[in-house]
Structures are given as C-alpha cells and as structure tokens.
Amino acid sequence: MALHSPLRAFPALKRVAGWRNHRLQPKRCMNRDVTDALSAVAGADNISTSSAVLEQHGKDESYHGCKPPDIVVWPQNVEQVSRLAAICWANDLPIIPFGTSTGLEGGVAALKGGVCFDLAKMDKIVQLNAVDFDVTVEPGVTRKSLNNYLRGSGLWFPVDPGADASLCGMAATSASGTNAVRYGTMRENVMNMEVVLADGRIMYTAGAQRRTRKTSAGYNLTNLFVGSEGTLGIITKTTLRLHGIPESMVSAVCTFPTVQAAVDCTVQVLQYGIPIARIEFLDDVMMDACNKFSKLNYAVSSTLFLEFHGTEKSLAEQIQVTDEIMKANRGSDYIWAKDQEARDKLWQARHNAWYAARALRPGCKAYSTDVCVPLSKLPEIIVATKDDLIQSKLTGWWLPNTCTLGSTANFRFIPWD
Amino acid sequence: MALRVLVAVKRVIDYAVKIRVKPDKTGVVTDGVKHSMNPFCEIAVEEAVRMKEKKQAEEVIAVSCGPVQCQETIRTALAMGVDRGIHVEVSGKDYESLGPLQVSKVLAALAKKEKVDLILVGKQAIDDDCNQTGQMTAALLDWPQGTFVSEVSIGEGGLTVTREVDGGLETIKVQVPAVLTSDLRLNEPRYATLPNIMKAKKKRIDKLSLGDLALSAGGNLETVSVVEPPTRSAGVKVENAEELVQKLREIGHI
C-alpha cells in the first residue's frame, strides 16, 4: 500500500518536504497564507487565534499544564475537515482533534503547536436505527445528549466514563467506565467510524455506511482507531451499538471493615455469575472526600457501590445472592435505592470522585493512572499499593472498577501530592 | 383511598432542538423537527405512576389534545406505566388556536366524564410558557389547586403538598378532588424501557373529538408575529473611567 500515492492525487498541494523526512526535518509553516487558507474553508467566524481561546483548547481535566495550539478551527462538516487536514498536511502542521476536553490524559495538549480542530459544531445525530440497535453520531454529540435523545425509544448507550464526553472522543480514547463489567467498553460498542486521515482522505473503518453487528470480513480497522487518541486520524462519525434500557435498576452501597473483605466480595460476586452492571470499590480516603464534597453521610471505610439491571424477578434473585455474599464478607450498612433520584444520589459520590478528592487538598494537582491485573490478584495489588501510599506519605486513593473481559480487573488509583 | 388520576401531556418541540423562526414570522418551524413530551408533563406522569405503584391510585389515564401525532406522546406515557390514554383530536387551524383555556375546558369535561379525583399537569409547557392550564382547570371545576408542586403525599385528610414559591417552600393541605401542577424537583422521570414500550402498544387509547365533549374550537387570541430576539451586538471597550462616564451619559443611562 503506497502511502504517498494519494499525495499525487492532490496536485494542488505544494509539499514542503518529502514524507520520509517528516521526522528528521519538520518544516512547520504557520503563516498568514495558512491562516487565510484555513479561514477560506471554515469561514472567518470559525477560526480563532485569541489567547483565551487557545488556552482553553490546550488543556483538559488532567494535571498536565496547558499546551495551547497555534490556531483553533471549527469545521462544520466532514468535507471541511478533509480540506483543512489537507492544508495542514501540505504545511507540516500538527493536527489536534478536540472534543469536550474532559479527558484525563492530556490528550488535547498541542505539544508542538499546530491546528486544533474543535469539532463541537458537528453535532448531528446522523441516523438512529432503533430496530437494529445502532446510531450514528458526529463528534459534537455527547454521551448525555445522546441518551436524552434516545429517551423515548427504550434504548440507551451504556458506556459511562463519568464525564459528559463527546462520543467520538470516547471512541478515540477507548473510554471505559462504571458499566464496563456488563456492557463492555468502547471497543465492544463501536461498529464503524468515519475518519479523516492526516492528509485529508476520508475513510470508513468498517466500510461506507456499514453497521454490521458482527463481521469476519476484512481487517479490524475499527478497533485500530478506537483508542488511537487522535494519532491516526480525526474521527468525524461513529456508529455505536445501543442496548435496551433494563426494565429495572437497583443500586446498593455496602461498607466493609477491610479492603480485603470488600475485594473478596467483588471477586465472589463475579464468580457467582451475577450479571452485575456496575461494581465499584472506593477506599476510606475516597469515602471521606466524597462525604465532604457531596455532603453525604457514608461510613468512612472500604465501600462497594453496586448496580443491578434486569427484570423485576431477576433482580430479586441477584439481590438475594449478593446480599448473602456481602454478609459472608462482613459487609454492613447496606443502602438500597430503586428510584432514579435515590440512585443518582448514590452514584453522585462516584461521579464526583475526582473533584471530591482534589477538594481534600485545595490547590493540589492530581495525577491518575490505570492498572490492570488478573482478577485473582485484585486483593493483593490494592492492599500492597495502599501500604506503599502510606509509607511514601503521598495522599492517594483507589477507584477501581471491575471488568470481567479477559478475566482482568481494571482500576485506577490516584496518588497525588 | 385509591384515587382516579388524570394526567395531561403535551407534545412539544424537544427541548434540545435549536428553534428557528419561520421566514413569514407566523411561528416557529415545526415540520421535520423532533417533538417529545413536555418535560414538566413527564414529571407529572412519573408522579402519577408512582402513586399507582404505591397503590394510592387505582387508575391513571393520560390525555393529550392535538393532531394524530399526539398519540406517540400518549404511548410514551403508557410506556412509563399509565393505564390507558385518551386522544382528543384537534388539528389544522383549530390546533393553531388551541391554548390553555380550551385545554382546560377539555380537562374539566373529561374529569367529570371519567369521575376523576386528581388531575396532574405540568406547571407549564416549554413552547408557550403559559403556566395557565392547571389553574384554569381548577377554576372551571371549582376544585382546589396545588401549583409548582415539589412534593406531594397522600394522607387521610387529603393531600399534603409542598409548593416552590419565590420566597422558598410553602406546605399546604389540599382536599381531593384537586388539580396539581408539577415543578422540576418533584421527581426524576423514568426512561421508558423497551419491554414497557412493547407492552404499551397493547394498551387502549380512546379517540374523541371536541364535539364529543360538547366543546368547540376557536380561541380568542391571534398571534400577530413571532420574531427572534435581537442578536447581541459587540461591546465597546473604554480606556478609563472618564470615558465610561461619558459614554453612559451619551446613551442616557445617567
């Protein structure tokens, strides 16, 4: 596959250096001509070089410092994205796709300057196929706005990383979230994507307009781009797998005297085959932070947050078995919630965790990291890390969620100083 | 005492849609635009369904006035747990002139026909922001009313209702039969699930016309024009306080 052949299809582009020399001699060229060319494509109202706008686009929710781009553009459709990308390609300018900047990994930082493509104006829900359980959305559509749109249809998109993130951004970062244990992460829920490559070519990762629920045909380009974090292309449409809203949902909180007890309970719930929708562990430091920040009243100890989805009858069964497991592991202070408001309040603690923790030490910065271990090692790693944290005198806390895919447990712990 | 509850639901343009004014300034663009149930009506339906679940309500009926598309809105209410629906068909010019007074007359007529103990409506619709239907219905029926309800409980003597008012919260006791209008913090409405949507298809929706209720269409209000708010113009920067004072004088503010 000759990568440089499409460049011959763009005779109008004046290449400054051969593509092979990119790494060796980047001759970046941001000047009046480039700005005019970008403005001609997107419209004069849709580009900006004002310092406030650049700063806003160089930062996300992570602790990383602000690395602003040289210019921000707001394309309104994929053809504009393609032409803008071609201009950047011709002038060796880095491209930084920008969704909602709710990421935690510094993904929008323009480390070498360049052009930030703010895709917020591309906010259409392109096509909903309720009977086929799929929907195609543009990058400006966020998770909550999609679920709001779907509310009369009985369907929802369950991947919930906490923030109200752009769905294409979630695809780019392969977002996971509290519901991953039952519904999977973005990798399992993205069926197709329309992507604009660095030189402006538009491609579909699973074929144009395709939305097959399963396929054995062709290379799995979709999962190559999911998680590529903007390094392989700009995602301009994504086709997502929807799920039926469960008939009933019940949330529960249970306190345990030790970390080991809570973790053992988690492992046993999974081993019993209970189709738990969410199961999250928050340690005592985190519970204290949440109590203070969200004005809640939970016991300050290792706590499990659980959520069950299903029919009324299956829920009764799931709850009964889980109840026995929790009791067997010395769990106490159970709180059950069925109503939407009570459940939202319960989960508010988890969703505000990041901010609650930072509020514990005002003015501090927080650094988060993710670790993945086999399920059998889950108790050991949590206990060992907590000991390390205490010894190193860093303030830190655990926020694991359990994902049974490939029998590994995935969690993040967040130490900071 | 198990109440018979009537909930009114209105089909409006979805709150997330960007509204555009028609070029001839007679109204807003509604063709091809996503419509859904008025959010305050959803809250009213949710409250009625919860009363049913707590066995405080014996039957919950949803009613909507408007063109045939209103049946989708009634189906959403049925999927949330309402027992049956009534569609009062009003279309064309009659629908354009349909306002709170006409709807209140419909609700009053239905309340008598269905021997209802409690009428639940949203406090206002997000398209006209009238905040009149609940109050007018209560007046037509000569029933007590609890408006801007953020909490309601059913007891022996009647309803204990907490209202959100400008000064804070007011708690009143209301005898049934009564009209209540729901405010935002009353509850968080459930999402209709697929199994419930499928079950809702089998629930009954009765169709009536205004004539069946001995009413006629025709409002006494005429929409003269609908325009967008003026676009915000750029601000003016001033160099110092003297210039600020001078500019304020120029535009007559001081």
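So the sequences go chain by chain: A and B.
When you line the first sequence up against our numbering, it's residues 1 to 417, in that order.
When you line the second sequence up against our numbering, it's residues 418 to 671, in that order.
The beta-carbon is built from N, C-alpha and C at its ideal position, and this holds for glycine as well.
Contacts of residue i in chain B (Cβ-Cβ under 7 Å)
i	result
residue 344(A)	605
Chain-ordered neighbours of residue i on chain A, where CB pairs are closer than 7 Å
i	result
residue 453(B)	152
residue 359(B)	Within the shown structure, residues of chain B are numbered from 418 to 671, placing residue 359(B) beyond reach of any answer.
residue 609(B)	152 and 154
Any non-hydrogen atom of the ligand GDP within 8 Å of residue i CB
i	result
residue 173(A)	Annotation note on the ligand GDP: not contained in the displayed structure, which lists no ligands.
Residue i vs residue j beta-carbon contact at 9 Å
i	j	result
residue 180(A)	residue 159(A)	yes
residue 319(A)	residue 308(A)	yes
residue 384(B)	residue 524(B)	Any property of residue 384(B) remains undetermined from this structure, which presents chain B solely from 418 to 671.
residue 138(A)	residue 102(A)	no
residue 96(A)	residue 69(A)	yes
residue 37(A)	residue 87(A)	yes
residue 89(A)	residue 42(A)	no
residue 628(B)	residue 516(B)	no
residue 190(A)	residue 203(A)	no
residue 381(A)	residue 252(A)	no
residue 100(A)	residue 142(A)	yes
residue 421(B)	residue 506(B)	no
residue 579(B)	residue 569(B)	yes
residue 164(A)	residue 144(A)	yes
residue 476(B)	residue 607(B)	no
residue 186(A)	residue 205(A)	no
residue 162(A)	residue 354(A)	yes
residue 632(B)	residue 522(B)	yes
residue 278(A)	residue 239(A)	no
Contacts that residue i makes with chain B (C-beta to C-beta distance below 9 Å)
i	result
residue 68(A)	Within 9 Å Cβ-Cβ: nothing; residue 68(A) doesn't reach chain B, min ~23 Å.
Inter-residue CB distance, residue i and residue j (contact presumed, cutoff 8 Å)
i	j	result
residue 106(A)	residue 123(A)	With a Cβ gap of about 24 Å, residue 106(A) and residue 123(A) do not count as contacting.
residue 244(A)	residue 611(B)	4 Å
residue 600(B)	residue 587(B)	Not confirmed; about 12 Å, so no contact.
residue 653(B)	residue 442(B)	Their Cβ separation, rounded to whole angstroms, is 30 Å, which puts residue 653(B) and residue 442(B) out of contact at 8 Å.
residue 352(A)	residue 301(A)	Not confirmed; about 19 Å, so no contact.
residue 603(B)	residue 478(B)	The Cβ separation is near 19 Å, so there is no contact.
residue 541(B)	residue 457(B)	6 Å
residue 430(B)	residue 544(B)	6 Å
residue 526(B)	residue 561(B)	Actually they are not in contact, since the Cβ atoms of residue 526(B) and residue 561(B) sit about 19 Å apart, beyond 8 Å.
residue 222(A)	residue 254(A)	With 8 Å as the limit, residue 222(A) and residue 254(A) do not qualify as a contact, their Cβ atoms being about 38 Å apart.
residue 289(A)	residue 356(A)	4 Å
residue 305(A)	residue 350(A)	6 Å
residue 473(B)	residue 634(B)	With a Cβ gap of about 36 Å, residue 473(B) and residue 634(B) do not count as contacting.
residue 111(A)	residue 67(A)	6 Å
residue 114(A)	residue 84(A)	The Cβ separation is near 12 Å, so there is no contact.
residue 619(B)	residue 504(B)	Their Cβ separation, rounded to whole angstroms, is 16 Å, which puts residue 619(B) and residue 504(B) out of contact at 8 Å.
Residue i: contacting residues in chain A (beta-carbon distance under 9 Å)
i	result
residue 673(B)	Outside the displayed range of chain B (418 to 671) lies residue 673(B), so it cannot be described from this structure.
residue 648(B)	Here the premise fails: no neighbours, minimum Cβ distance about 13 Å.
Neighbour list for residue i in chain A, Cβ cutoff strictly below 8 Å
i	result
residue 493(B)	152
9 Å Cβ cutoff, residue i in contact with chain C
i	result
residue 496(B)	Of the protein chains in this structure, namely A and B, none is chain C.
*Along the region 238-249 of chain A, what residues have a CB closer than 9 Å to any CB found in chain B?*
244, 245, 246, 247 and 248
*Would you call the region 360-372 of chain A and the region 247-257 of chain A touching, i.e. three or more CB-CB distances under 8 Å?*
no
*Would you call the region 74-93 of chain A and the region 209-221 of chain A touching, i.e. three or more CB-CB distances under 8 Å?*
no
*Give, in chain order, every residue of the region 331-359 of chain A whose Cβ lies closer than 8 Å to some Cβ of chain B.*
339, 340, 341 and 344
*Any contact of the region 321-336 of chain A with the region 421-430 of chain B, i.e. 3+ C-beta pairs under 8 Å?*
The region 421-430 of chain B and the region 321-336 of chain A do not touch, with fewer than three beta-carbon pairs separated by less than 8 Å.
_Taking contact to mean 3 or more Cβ pairs, one atom from each stretch, closer than 8 Å, check whether the region 228-241 of chain A and the region 260-270 of chain A are in contact._
no
*asked:* Below 8 Å, how does it come out for the region 269-285 of chain A and the region 329-340 of chain A: are there three or more Cβ pairs, yes or no?
replied: no
*asked:* I'd like to know if the region 488-496 of chain B and the region 433-442 of chain B are in contact, where contact means that at least 3 CB-CB pairs between them fall below 8 Å.
replied: Because the criterion of three Cβ pairs below 8 Å is not met, the region 488-496 of chain B and the region 433-442 of chain B do not touch.
*Three or more C-beta pairs closer than 8 Å, one from the region 148-159 of chain A and one from the region 608-622 of chain B: is that the case here?*
yes
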